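*Asks:*
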Amino acid sequence: MRNLIEDALRSHGADYVDIRIEDAARTKITLRGRSTDELSVSRSTGGCVRALAGGGWGFISFNDIANLKHHVALAVSQARLVSQANGDSLLAPVEPVVDTVVPHLVVDPKSISLAAKQELLQEYSQIMLGASPKIQTTTVRYRDTYSKGIFADSEGAFIEQEHCDVGAGCTAIAREGDNVQQMFIVAGGVDGYQSVEGQHDRARECARRAALNLDAAPVKAGQYTVVLDPAMAGTFVHEAFGHLSESDFIYENDTLRDMMVLGRQFGSPILGITDGAAAPGHRGSYRYDDEGTPASLTPLIREGVLVGRLHSRETAAKMGERPTGNARAISYRFRPIVRMTNTYIENGKTSFEEMISDIDEGIYAIDAYGGTTAMEMFTFSAMEAFMIRKGRIAERVRNVVLTGNVFETLMHIDAVGNDLRMNDGGTGGCGKGGQAPLPVSDGSPHIRIRNVVVGGN
Amino acid sequence: MMDLLDMAARRADAAELYLVNSEAIPATFEMNKLKHVETRRMQGFALRVIKSGRLGFSSSTDTSEVAAQELLSAAFDSADMGEPARFDLPGPVLGGKSAAPLIYDDKIAELDAGALIRMGREIVDIITEYDPSIKCGVELERKVEEVTVANSNRGGGNYRKTTLTAMADALLVDGNDIFEVFGMDGSCRSDFDHRSVAHEVLKRVRLGRRIAKVHTGRMQVLFTHRGIMPLLMALQSALNGKTALEGASPLAGRIGQQVLDPRVCICDDPTVDWALGSCPIDGEGVQSRRTPLIEAGIVKGFYYDLQTAGRAGTSTTGNGFRRTGAGDYFEGQPTPALTNAMVAPGSESLDDMITSMDEGIIVDQVMGAGQGNILTGDFSVNVHLGFKVEKGKIVGRIKDTMVAGNAMEALNNIAAIGDRAEWAFGEYSSPAFLFSSLGVAAKGR
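In order, the protein sequence lines correspond to chains A and B.
Okay, so the first sequence: first residue is 1 according to our numbering, each after it adds one.
Okay, so the second sequence: first residue is 1 according to our numbering, each after it adds one.
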């Protein structure tokens with residue numbers, strides 16, 4: 001393989017060429033209720049070539065790796081087509097690396113039989129179905145991916161990385177007449193199969209909470225002071241701010257660059273935000289990104305001030321900054337784009353009790369269903385929520401969906417907790433530019449935000 | 001490859017092979033400039049076996065002899081633990097050629113990167129001629145796909161499909177205000193006019209130059225064919241045969257009952273010529289057909305794949321598709337999925353609907369569809385692009401606004417349905433809907 005790649009990287013006639021080859025094995029098991037809805041083993045082998053010629057980009061992805069030289073020629077000819085129209089793409093320098101990375105697995109998922117995996121999921125399923133007579137059905141998902149990737153470029157980099165991502169999710173669906181409520185928990189990690197074991201108590205609790213949510217009243221629309229738990233706050237930092245720190249949104253747009261200028265006050269001085277794949281042991285952790293740039297830890301906000309952003313080699317070159325190792329592709333079928341890795345709000349000083357003590361009427365939002373963002377606007381929803389009345393947690397409410405504008409909302413964070421927790425696991429991930437799901441993690445301590453718009457009837 | 005099917009069939013009760021080959025060429029413009037030209041080629045195949053009455057499944061991209069053997073044993077291994085198969089694989093399709101929708105156009109297959117670049121450039125030019133300060137992202141993609149389904153009952157089929165899609169987004173930034181408008185359309189046929197996407201985007205850019213104020217409260221809400229998506233997603237979930245079988249659908253067990261306004265008619269139709277979701281057979285080799293789901297507000301049926309239909313004691317509707325991952329339409333096992341969801345138009349013109357509004361909002365693009373409790377039909381979405389209507393006139397664009405409600409309740413209290421159904425995102429066709437009172441939450445006092 002190495003000879004094939006090195007041969008293809010010779011005499012291509014372009015300014016820069018990189019090749020990625022990937023071989024991934026996946027196991028998927030999905031139980032719906034007691035029955036096995038999906039159980040499959042799949043294998044995906046392929047590669048891609050990216051070429052930069054005359055400032056234009058070409059890209060080809062394929063499954064027939066043997067024809068590598070031919071694929072390089074096509075990518076280069078496509079790059080020339082682009083360069084005729086617009087040839088202004090360039091790359092920031094990165095020291096070419098030759099390295100081999102293997103994961104440190106506590107329990108290799110390949111060493112566990114399909115039957116044992118299915119049995120563990122059955123246990124979770126049984127526990128949830130038995131947790132309350134109101135549980136209508138359950139879904140338990142398991143995925144493991146073991147991938148071997150090679151990255152090589154015309155500058156001399158040759159990196160072999162193996163990566164293992166294991167994830168599970170348990171969803172409980174409670175029903176009473178037309179009222180249907182669902183709740184889920186996730187588990188998983190990059191250090192092996194043990195990360196999805198031992199979730200029995202959490203699964204039981206998840207089902208119990210889904211049943212309790214049947215009696216919750218829908219929240220009344222309006223503006224509230226909202227306290228977010230670490231899971232909700234993690235989704236918030238990912239959606240509300242993280243996507244805006246991806247430089248491919250702004251690097252070629254002067255107006256947006258002015259809006260996102262380093263040194264701009266984005267939040268109050270208690271706010272710090274960081275992203276980085278170099279934080280070990282999380283779903284978004286790796287040693288080198290898909291351009292061969294070493295992973296780093298990038299401070300994005302310090303004391304409320306914008307101090308950094310996420311880069312690929314191209315966005316870094318265009319903005320005169322350093323590559324941060326955030327160029328990622330979900331597979332060999334796609335070119336790398338700027339993505340988050342592990343994004344989190346740094347610890348502050350306020351305890352949870354202090355945070356809620358002076359709230360007259362507010363909302364405590366727990367565990368995120370999901371979220372999405374479009375430039376400065378974002379929205380995300382809570383799985384479980386309670387009203388806060390006169391400084392105390394009060395009645396349960398449902399359908400809590402929050403929305404906001406990043407410029408106002410970050411300014412309205414007026415308390416940051418001291419209980420940072422990272423949220424890892426699950427079978428999903430982040431989506432952008434048609435590439436989903438990408439494994440990422442997020443995290444935060446509890447935070448309090450003033451004047452948040454909450455939708456409702 | 002067919003040897004593999006024979007090998008599998010000899011060791012199993014029944015076997016099925018699914019093969020897909022595709023080539024997509026996207027040309028991408030960023031910030032009004034051509035940025036990337038790509039070629040994405042993919043081949044993949046999946047083997048499904050029924051052994052001792054149980055289902056096994058495996059997929060691969062590698063066509064070598066060694067990989068084929070690996071695939072075979074993986075499929076049989078998984079069958080040891082698989083669910084009992086509740087169906088027979090279909091025999092030969094009897095409908096003949098005439099029943100198949102038109103989905104292949106040589107002229108699309110022949111389009112090269114140069115042609116796509118010219119089309120994309122035209123879209124950028126139309127938009128920036130109107131206002132040079134607009135920054136456009138545009139993607140033109142042509143795709144050719146070949147799908148084969150073969151099984152040990154001599155069933156299945158083969159088809160080739162071409163698609164041409166155009167996506168455009170226009171971005172205007174003014175201070176902290178970011179104004180973004182999306183457009184997307186496509187067809188299997190080459191006479192599709194990509195420039196219409198630019199005009200559709202511009203129409204809405206013109207309406208949104210001014211910002212208007214909205215107050216929190218209940219008001220009239222008009223959803224365009226694009227904006228109605230979160231409500232249709234709730235119906236799509238409720239009408240899925242699998243959701244119904246598990247009792248998680250609010251429509252489970254209600255076939256023949258009036259559940260929505262009698263003006264609501266929805267069907268799934270993969271037989272529409274040149275529509276993006278059309279195909280002659282589904283992912284299990286079952287012949288495509290039009291499936292009525294809601295007629296005159298009455299539940300007519302759910303949509304099924306073979307296994308779900310078998311478990312529910314009914315027949316497949318030809319909606320078994322293998323949709324999982326980004327374009328990997330072979331790694332997943334068949335599951336019920338819609339092709340072209342078609343919502344029937346009503347009788348009011350869009351202009352008359354707007355004129356009839358005293359005070360309310362128009363929802364055209366939403367953010368966060370599907371992140372709420374979709375099973376109950378509850379939706380609560382951010383209005384990514386919307387307009388304020390006062391005394392029958394659009395007065396400006398709204399910001400930081402959410403609209404919430406329950407899809408089933410809303411579709412039982414319809415003020416008016418538009419007289420034109422239009423394609424949205426190439427996924428479904430729907431008219432606009434006007435509701436007299438929905439919950440709107442906005443920033444401010």
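Where a beta carbon is used, it is the ideal one built from N, C-alpha and C, also for glycine.
Because the structure is a prediction, the values reported are computed rather than measured.
Is it true that the CB of residue 282 of chain B sits closer than 8 Å to the CB of residue 320 of chain B?
*Replies:* One-based indexing of the second sequence puts residue 320 of chain B at position 320. One-based indexing of the second sequence puts residue 282 of chain B at position 282. For residue 320 of chain B and residue 282 of chain B, yes; Cβs fall inside 8 Å.
*Asks:* How far does the alpha helix (DSSP H) with residue 390 of chain A in it extend, from its first residue to its last?
*Replies:* Sequence index remark: in the first sequence, residue 390 of chain A carries index 390 (1-based). Neither: residue 390 of chain A is in no alpha helix (DSSP H) and is coded neither H nor E.
*Asks:* Given a limit of 7 Å on CB to CB distance, which residues of the stretch 31-47 of chain B reach chain A?
*Replies:* The stretch 31-47 of chain B vs chain A, Cβ under 7 Å: 31, 33, 34, 35, 36, 37, 38, 39, 40, 41, 42 and 43.
*Asks:* Under three-state DSSP, which class holds residue 127 of chain B?
*Replies:* Here residue 127 of chain B refers to the residue found at position 127 of the second sequence. DSSP places residue 127 of chain B in helix when its eight states are reduced to three.
*Asks:* Classify residue 423 of chain A: buried if its beta carbon has 16 or more other beta carbons within 10 angstroms, exposed otherwise.
*Replies:* Position 423 of the first sequence holds residue 423 of chain A. It counts as buried.
*Asks:* Just verifying my parser: in three-state terms, what is the DSSP assignment at residue 58 of chain B?
*Replies:* Indexing the second sequence from 1 puts residue 58 of chain B at position 58. Here residue 58 of chain B sits in strand by DSSP.
*Asks:* Candidates B:426, B:219 and B:332: which alpha carbon is nearest residue 390 of chain B's?
*Replies:* Within the second sequence, the letter at position 390 stands for residue 390 of chain B. Residue B:219 is the option with its Cα nearest to residue 390 of chain B.
*Asks:* Would you call residue 399 of chain A buried or exposed, if buried means 16 or more other Cβ atoms sit within 10 Å of its Cβ?
*Replies:* Taking the first sequence and counting its residues from 1, the one referred to as residue 399 of chain A is at position 399. Residue 399 of chain A is buried by the Cβ-count criterion.
*Asks:* Going by DSSP, which residues form a beta bridge with residue 141 of chain B?
*Replies:* Taking the second sequence and counting its residues from 1, one reaches residue 141 of chain B at position 141. In the DSSP output, where bridge partners are listed per residue, residue 141 of chain B has B:26 and B:165.
*Asks:* Kindly indicate if chain A contains any beta-carbon less than 8 Å away from that of residue 215 of chain B.
*Replies:* Along the second sequence, read from residue 1 onward, the residue named residue 215 of chain B stands at position 215. No, because no Cβ of chain A sits closer than 8 Å to the Cβ of residue 215 of chain B.
*Asks:* Less than 6 Å between C-beta atoms, sequence neighbours within five positions excluded: which residues of the same chain meet that for residue 181 of chain A?
*Replies:* For the purposes of this step, residue 181 of chain A is identified with residue 181 of the first sequence, where counting begins at 1. So the qualifying residues of the chain are 174, 210, 213 and 214.
*Asks:* What does a CB cutoff of less than 7 Å around residue 241 of chain B pick up in its chain, not counting 5 residues either side in sequence?
*Replies:* Counting from one through the second sequence, the residue named residue 241 of chain B turns up at place 241. Within the same chain, residue 241 of chain B has close Cβ partners 302, 303, 304, 308, 309, 312 and 336.
*Asks:* How many angstroms separate the CA atom of residue 415 of chain B from the CA atom of residue 230 of chain B?
*Replies:* Your numbering for residue 415 of chain B matches position 415 in the second sequence. Your numbering for residue 230 of chain B matches position 230 in the second sequence. If I take the Cα positions, the gap works out to 18 Å.
*Asks:* Using only CA atoms, which one of B:32, B:37 and B:20 lies nearest to residue 335 of chain A?
*Replies:* To locate residue 335 of chain A, count along the first sequence from 1; it is residue 335. It is B:37 whose Cα lies nearest to the Cα of residue 335 of chain A.
*Asks:* Does the beta carbon of residue 314 of chain B come closer than 8 Å to any beta carbon on chain A?
*Replies:* One-based indexing of the second sequence puts residue 314 of chain B at position 314. No, no contact with chain A.
*Asks:* So who's on the other strand from residue 240 of chain B, going by DSSP bridges?
*Replies:* As a position in the second sequence, residue 240 of chain B is number 240, starting the count at 1. DSSP, once it has assigned bridges, lists B:303 as partnering residue 240 of chain B.
*Asks:* Given this structure, state the Cα-to-Cα distance separating residue 237 of chain B from residue 246 of chain B, to the nearest angstrom.
*Replies:* By one-based count along the second sequence, residue 237 of chain B stands at place 237. By one-based count along the second sequence, residue 246 of chain B stands at place 246. If you take the alpha carbons of residue 237 of chain B and residue 246 of chain B, they lie about 12 Å apart.
*Asks:* Run through chain A and tell me which residues come within less than 7 Å of residue 382 of chain B, C-beta to C-beta.
*Replies:* Position 382 of the second sequence holds residue 382 of chain B. In chain order: 377, 379 and 403.
*Asks:* Check residue 326 of chain B in the structure and name its three-state DSSP category.
*Replies:* Looking up residue 326 of chain B in the second sequence gives position 326. Confidence in residue 326 of chain B is poor, its pLDDT being 49 and thus under 50, which makes the residue's placement too unreliable to answer from.
*Asks:* What number of angstroms, rounded off, separates the C-alpha of residue 353 of chain A from the C-alpha of residue 384 of chain A?
*Replies:* Here residue 353 of chain A is taken as the residue at index 353 of the first sequence, counted from 1. Here residue 384 of chain A is taken as the residue at index 384 of the first sequence, counted from 1. Straight-line Cα distance between these residues: approximately 19 Å.
*Asks:* Compare the C-beta of residue 412 of chain B against all C-beta atoms of chain A and say whether one is closer than 8 Å.
*Replies:* The sequence position of residue 412 of chain B within the second sequence is 412, counting from 1. It does not: the Cβ of residue 412 of chain B has no partner Cβ on chain A nearer than 8 Å.
*Asks:* When the cut-off is 8 Å and only beta carbons count, does residue 326 of chain B lie next to chain A?
*Replies:* The residue labelled residue 326 of chain B in the question sits at position 326 within the second sequence. Note that residue 326 of chain B has pLDDT 49, beneath the 50 cutoff, so the model's placement of it is unreliable and the number below is only indicative. So yes, residue 326 of chain B belongs to the interface.
*Asks:* Helix, strand or coil for residue 437 of chain B, going by three-state DSSP, please let me know.
*Replies:* As a first step, residue 437 of chain B is located in the second sequence; it is residue number 437 there, counting from the start. Of the three classes helix, strand and coil, the one that applies to residue 437 of chain B here is strand, per DSSP.
*Asks:* Which residues of chain A have a Cβ atom closer than 9 Å to the Cβ of residue 375 of chain B, listed in chain order?
*Replies:* Taking the first residue of the second sequence as position 1, residue 375 of chain B is located at position 375. Residues of chain A passing the Cβ test: 173, 175, 180, 181 and 182.
*Asks:* Extract the residue ranges of the beta strand (DSSP E) inside the stretch 361-420 of chain B, only unbroken runs of 3 or more that lie entirely within it.
*Replies:* 378-390, 393-397, 401-406 and 414-417, all fully within the stretch 361-420 of chain B.
*Asks:* Taking only three categories from DSSP, how would you classify residue 456 of chain A?
*Replies:* For the purposes of this step, residue 456 of chain A is taken as residue 456 along the first sequence, with counting starting at 1. Looking at residue 456 of chain A - three-state DSSP - the assignment turns out to be coil, as it is neither helix nor strand.
*Asks:* Considering only the alpha carbon of each residue, which of B:142, B:155, B:159 and B:399 lies closest to residue 148 of chain B?
*Replies:* The sequence position of residue 148 of chain B within the second sequence is 148, counting from 1. Considering only alpha carbons, the answer is B:159.
*Asks:* Which same chain residues, not among the five before or five after residue 411 of chain A, have their C-beta less than 7 Å away from its C-beta?
*Replies:* The sequence position of residue 411 of chain A within the first sequence is 411, counting from 1. Within the same chain, residue 411 of chain A has close Cβ partners 267 and 268.
*Asks:* Within its chain, find whatever has a CB closer than 8 Å to the CB of residue 13 of chain A; leave out the 5 residues flanking it on each side and keep chain order.
*Replies:* Numbered from its first residue, the first sequence carries residue 13 of chain A at position 13. Cβ within range, chain order: 53 and 76.
*Asks:* Give me the Cα-Cα distance between residue 339 of chain B and residue 23 of chain B, rounded to the nearest whole angstrom.
*Replies:* The residue given as residue 339 of chain B occupies position 339 in the second sequence. The residue given as residue 23 of chain B occupies position 23 in the second sequence. One C-alpha to the other measures close to 21 Å.
*Asks:* Can you have a look at residue 1 of chain A and say buried or exposed, based on whether 16 or more other CB atoms are within 10 angstroms of its CB?
*Replies:* For this step, residue 1 of chain A is matched to residue 1 along the first sequence. Residue 1 of chain A comes out exposed.
*Asks:* If the cut-off is 7 Å on Cβ atoms, which residues from the stretch 19-39 of chain A count as contacting chain B, listed in chain order?
*Replies:* Result list: 32, 33, 35, 36, 38 and 39.
*Asks:* If you drop the 5 nearest sequence neighbours on each side, which residues of the same chain put their C-beta closer than 8 Å to that of residue 434 of chain A?
*Replies:* Looking up residue 434 of chain A in the first sequence gives position 434. Excluding sequence neighbours, residue 434 of chain A sits near 334.
*Asks:* Using 8 Å for Cβ pairs, my map puts residue 447 of chain B next to residue 232 of chain B. What's the rounded Cβ distance?
*Replies:* Limits of chain B in this structure are 1 at one end and 445 at the other, which puts residue 447 of chain B out of reach.
*Asks:* Just to confirm, is the Cβ distance from residue 379 of chain B to residue 404 of chain B under 8 Å?
*Replies:* Reading the second sequence from its first residue, position 379 is the one you call residue 379 of chain B. Reading the second sequence from its first residue, position 404 is the one you call residue 404 of chain B. Yes, the pair counts as a contact, with Cβ atoms nearer than the cut-off.
*Asks:* For residue 72 of chain A, write down the residues that DSSP places opposite it in a beta bridge.
*Replies:* Here residue 72 of chain A refers to the residue found at position 72 of the first sequence. Answer by DSSP bridge pairing: none, since residue 72 of chain A is not bridged.
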